[in-house]
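Inspection log for the structure reproduced underneath, given as structure tokens.
Residue numbers (our numbering): 5 to 586.
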């Protein structure tokens, strides 16, 4: 069959993949191309937040900072290797200035300084941002740069099998999403000396997700080929709306909306936060703090704002739906601002936001935050907003060295696909990590002088892989299980047992069900279902590897940290919660 040969293949078209391709070209690797399922898909181009942050070295004022100090901050976030931390800090300023030069409108003061502010887990004022769509702006300017350099982009191709020989990456097989019906043109194959895996996080592992719908991930393809993972236990969870998918951080919580739950048919409306706190003032203060303590944080579970998340989790485990109501105050009456902590009350007073309804407060605090939902068909002045405790970011991923090369020679990982983010990453550091990791990989490739895989050897590997894929697809034709329902159930099972609250017994039972699902035979009725079937297969493998990592963490003496509570019969629990939260 026909295949394409090139020196380096970049898989993924988000900010990290685009930066890798751009760097390769600038460093003299002209024989490189991008492969993507859709140039308009992915997290970078389709996500944002109340105030999307980019984390970088301090570049303004008199704040003392250095590469070594920033590396220390990243390293101290736990589960970050020192060499990765140092590389990300060293490349931070250059990567940031490159984005600014390409046209990302990062704010400056009257003197041209790129001013900063503090973000999550940030001891300095290193954070900046270009509004709620910082990552989209990054992807847009990087794509313009890639196009201007004439770098080839192969669109509508889904990666389904990495080809390796003797521990080295030699190529990739993709589904041609535009020619699935034609069996002779269904596959597109690449032979390459190097591959950069920039496919984002494995967004399909969980059902309750704030990843954009277009982000699916392909970590399972790399794991199947033998790439090692690291920090696979570490995810970031937080409260988010379901339609559209968007973090309800910042002013959405600082506006102090009414929070309630219902049965699935919208009956039995109940405000459930009141039973989780001793006083109304404590409840209101913790709701406010959720704004800038948005991620679920195990350290704030007993007496802090994460109790809001846990109360939401408890409702979800009961099968109930959760809503934010901006038309009424918590409790339905007049809000007494004197009940708030000094920090919360001072913030609202300083913003002239001590107004009588949540919608008035939200508009005063952040009018664009209100308009965002209206632009997406949700009028917060007239209707409630459905939310859930959702997965938002994988802080683990593929294991990489200081050049972002995986355990498979010639296979590099950049962006969220690489497991360099740690447990308590500073907010916005993932955007910096993607740019810096892409640069490190491109530099290593340009210096390696890697030779193309032997053609005869490559054809043997390719032939064997294609035969296996054909056999798999023939088995799917004979299967009997409905693909869509099967896939949805598998992801919902992860929410229930491997989300923010995990137990040894729950993980054990989940692992057994994952193994059973991998052995089951789903039915693919039409070639157009093949992309989803391959995604499901890769997701189940990814779930297996990640759940085994969670089990190993517990067996090795691991305890609650980051965005996860691991239950312990001898541990503590928040007041008023049932025993399963101990």
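Glycine is no exception: its CB is placed at the ideal position from the N, C-alpha and C atoms.
Inset, instruction - Could you tell me the distance, in whole angstroms, from the CA atom of residue 588 to the CA atom of residue 335? - result: Since the displayed the chain opens at 5 and closes at 586, residue 588 lies outside it and no answer follows.
Legend entry - Distance, residue 85 Cα to residue 404 Cα: Taking the chain shown and counting its residues from 1, one reaches residue 404 at position 400. Taking the chain shown and counting its residues from 1, one reaches residue 85 at position 81. Looking at the two C-alpha atoms, the distance is approximately 10 Å.
Legend entry - Residue burial classification, residue 4 (beta-carbon count within 10 angstroms, cutoff 16): No answer is possible for residue 4: it lies beyond the span of the chain, which begins at 5 and ends at 586.
Inset, instruction - Can you give me the Cβ contacts of residue 62 inside the same chain, cut-off strictly under 7 Å, excluding the 5 residues immediately before and after it? - result: Stepping through the chain shown from its first residue, residue 62 is reached at position 58. Cβ within range, chain order: 69, 120, 128, 129, 130.
Legend entry - Buried or exposed by the 16-neighbour rule on C-beta atoms within 10 Å, applied to residue 186: Here residue 186 refers to the residue found at position 182 when the chain shown is read from its first residue. Its Cβ having fewer than 16 others within 10 Å, residue 186 is exposed.
Inset, instruction - Check residue 212 in the structure and name its three-state DSSP category. - result: Your numbering for residue 212 matches position 208 in the chain shown. Residue state, collapsed to three classes: coil.
Legend entry - Within 8 Å, strictly: CB atoms of residue 414 and residue 198: Locating residue 414 in the chain shown gives position 410, counting from the first residue. Locating residue 198 in the chain shown gives position 194, counting from the first residue. Against a cut-off of 8 Å, the Cβ pair of residue 198 and residue 414 comes out as a contact.
Legend entry - Cβ-Cβ distance between residue 196 and residue 12 below 8 Å: What you label residue 196 is simply residue 192 of the chain shown in a count that begins at 1. What you label residue 12 is simply residue 8 of the chain shown in a count that begins at 1. Contact: yes.
Inset, instruction - Specify the secondary structure class of residue 558 as computed by DSSP and reduced to three states. - result: The count along the chain shown starts at 1 and reaches residue 558 at position 554. In the structure shown, residue 558 sits in a helix (DSSP, three-state: H, G or I).
Inset, instruction - Return the first residue and the last residue of the alpha helix (DSSP H) that residue 480 is part of. - result: Translated into positions along the chain shown, residue 480 becomes position 476. Segment 459–481, the alpha helix (DSSP H) holding residue 480.
Inset, instruction - Verify whether the separation of the beta carbon atoms of residue 210 and residue 510 is less than 8 Å. - result: To locate residue 210, count along the chain shown from 1; it is residue 206. To locate residue 510, count along the chain shown from 1; it is residue 506. No, they are not a contact pair.
Inset, instruction - Quick one: which unbroken alpha helix (DSSP H) runs of 4-plus residues sit fully inside the stretch 498–527? Chain order, please. - result: 508–523
Inset, instruction - Pick helix, strand or coil for residue 398, following the three-state DSSP scheme. - result: What you label residue 398 is simply residue 394 of the chain shown in a count that begins at 1. Three-state DSSP puts residue 398 in a strand.
Inset, instruction - Verify whether the separation of the beta carbon atoms of residue 319 and residue 312 is less than 8 Å. - result: Within the chain shown, residue 319 is the residue found at index 315, counting from 1. Within the chain shown, residue 312 is the residue found at index 308, counting from 1. Their beta carbons are not under 8 Å apart, which means residue 319 does not touch residue 312 by this criterion.
Inset, instruction - Determine the closest residue to residue 401 out of 28, 66, 205, with distance taken between C-alpha atoms. - result: For the purposes of this step, residue 401 is taken as the residue at position 397 of the chain shown. Nearest of 28, 66, 205 to residue 401, Cα basis: 205.
Inset, instruction - Would you check if there are 3 or more beta carbon pairs closer than 8 Å linking the stretch 384–400 to the stretch 168–182? - result: no
Legend entry - Local Cβ density within 10 Å of residue 453, reported as buried at 16 or more and exposed below that: Start at 1 with the first residue of the chain shown, and residue 453 comes out as number 449. Classification for residue 453: exposed.
Legend entry - Bounding residues of the alpha helix (DSSP H) (the contiguous stretch that carries residue 77): Taking the chain shown and counting its residues from 1, one reaches residue 77 at position 73. Its alpha helix (DSSP H) spans residues 71–80.
Inset, instruction - Please report the residue range of the beta strand (DSSP E) in which residue 10 lies. - result: Translated into the one-based positions of the chain shown, residue 10 becomes position 6. Taken as a continuous stretch (DSSP letters only), the beta strand (DSSP E) holding residue 10 covers 7–15.
Legend entry - Stretch pair the stretch 7–24 + the stretch 39–52: three plus CB contacts closer than 8 Å: Because the criterion of three Cβ pairs below 8 Å is met, the stretch 7–24 and the stretch 39–52 touch.
Legend entry - Per DSSP, the bridge partner or partners of residue 121: As a first step, residue 121 is located in the chain shown; it is residue number 117 there, counting from the start. Answer is 131, bridged to residue 121.
Legend entry - Exposed unless 16 or more other CB atoms sit within 10 angstroms - verdict on residue 146: For the purposes of this step, residue 146 is taken as residue 142 along the chain shown, with counting starting at 1. Buried.
Legend entry - Closest by C-alpha distance to residue 243, when choosing among 315, 156, 533, 225: Translated into positions along the chain shown, residue 243 becomes position 239. When each option's Cα is compared against that of residue 243, the closest is 315.
Inset, instruction - Indicate the three-state DSSP secondary structure (helix, strand or coil) for residue 571 in the structure shown. - result: As a first step, residue 571 is located in the chain shown; it is residue number 567 there, counting from the start. Residue 571 falls in the coil class under three-state DSSP.
Legend entry - Touching by the beta-carbon criterion (3+ pairs, under 8 Å), the stretch 516–535 and the stretch 546–560: With a cut-off of 8 Å, the stretch 546–560 and the stretch 516–535 count as touching, because enough Cβ pairs lie within range.
Inset, instruction - Let me know the secondary structure DSSP gives residue 156 once reduced to three states. - result: Counting from 1 along the chain shown, the entry for residue 156 is found at position 152. Strand.
Legend entry - Bridge partners - residue 250, DSSP secondary structure assignment: In the chain shown, counting from the first residue as 1, residue 250 sits at position 246. According to DSSP, which records beta bridges pairwise, residue 250 is partnered with 245.
Inset, instruction - Jot down the residue ranges of each uninterrupted alpha helix (DSSP H) in the stretch 258–343, minimum 4 residues, whole runs only, in chain order. - result: 284–293, 310–321
Legend entry - Own chain, CB closer than 6 Å to residue 490, minus 5 neighbours either side, in chain order: Locating residue 490 in the chain shown gives position 486, where the first residue counts as 1. So the qualifying residues of the chain are 526.
Legend entry - DSSP three-state assignment for residue 110, whether helix, strand or coil: On the chain shown, residue 110 is found 106 positions in, with the first residue counted as 1. Coil at residue 110, not helix or strand.
Legend entry - Candidates 231, 114, 322, 484: closest to residue 166 by CA position: Stepping through the chain shown from its first residue, residue 166 is reached at position 162. For the residues 231, 114, 322, 484, the minimum Cα distance to residue 166 belongs to 231.
Legend entry - Three-state class that DSSP yields for residue 145 in the structure shown: Against the chain shown, residue 145 aligns to sequence position 141. DSSP places residue 145 in helix when its eight states are reduced to three.
Inset, instruction - Pick helix, strand or coil for residue 38, following the three-state DSSP scheme. - result: Along the chain shown, one-based indexing puts residue 38 at 34. Strand.
Legend entry - Bridge-paired residues (DSSP) for residue 383: For the purposes of this step, residue 383 is identified with residue 379 of the chain shown, where counting begins at 1. Answer is none; residue 383 lacks a bridge partner.
Legend entry - Close-in-space but distant-in-sequence residues of the same chain around residue 428 (CB under 7 Å, 5 per side omitted): The residue given as residue 428 occupies position 424 in the chain shown. Correct list, in chain order: 81, 82, 125, 566.
Legend entry - Rounded distance between the beta-carbons of residue 123 and residue 431, thought under 8 Å: The residue you call residue 431 lines up with position 427 of the chain shown. The residue you call residue 123 lines up with position 119 of the chain shown. A Cβ-Cβ distance of about 4 Å is found for the pair residue 431 and residue 123, placing them in contact under the 8 Å criterion.
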